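Asker: Sending over a structure as C-alpha cells; questions will come in a sec.
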C-alpha cells in the first residue's frame, strides 16, 4: 500500500511540473502584455520554459526587445527569451517568489 501512495505522490509532483504547450500565449499577446508591464512600470510574474521544466520569475521589466526581455527581481536580473514565456500575470504587491 505504501508503494502505491509513493508512486501516486511522485506522479502528482511530475504533473505539477508538466508543461502544457496548448496554453501558450501568441507572440502578439506576449509582446502586448510585456509592453503594458514595461510602460506602466508594473511588476509581473513570468512562467518560462527552461529545458523541459517550468520556472517562475517575478519582477519589473527593465528592458524590452523583440526577442528578449530583462526582468529585475529583488536581488538579480533575469534575461528571458520571449519565445520561452508560457504565461504572464500582473503582481499586485506581496513577496517575490523565484
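Numbering (my numbering), first residue to last: 22 to 119. We put the beta carbon where it would ideally sit given N, CA and C, even for glycine. Every value quoted in this text rests on a predicted model; they were computed, and no experiment measured them.
Beta-carbon within less than 6 Å of residue 72's beta-carbon, same chain only, minus the 5 sequence neighbours each way: which residues are those?
Answerer: There are no such residues.
Asker: What are the partner residues of residue 130, as DSSP defines its beta bridges?
Answerer: Because the chain spans 22 through 119 in this model, residue 130 falls outside it and cannot be assessed.
Asker: Within a Cβ cutoff of 8 Å, which residues of the same chain sit near residue 81, ignoring the five residues on either side of it in sequence?
Answerer: Correct list, in chain order: 58, 62, 63, 64, 65, 92, 93.
Asker: Do you know how far the Cα of residue 97 is from the Cα of residue 55?
Answerer: Distance between the alpha carbons of residue 55 and residue 97 is about 19 Å.
Asker: Taking the CB atoms as reference points, tell me whether residue 90 and residue 69 lie closer together than 8 Å.
Answerer: No, these two residues do not count as a Cβ contact at 8 Å.
Asker: For residue 55, write down the residues that DSSP places opposite it in a beta bridge.
Answerer: Residue 55 pairs with nothing; no bridge assigned.
Asker: Measure the beta-carbon distance from residue 78 to residue 101 and round it to whole angstroms, keeping in mind my assumption that it falls under 8 Å.
Answerer: Sure, about 7 Å apart at Cβ, within 8 Å.
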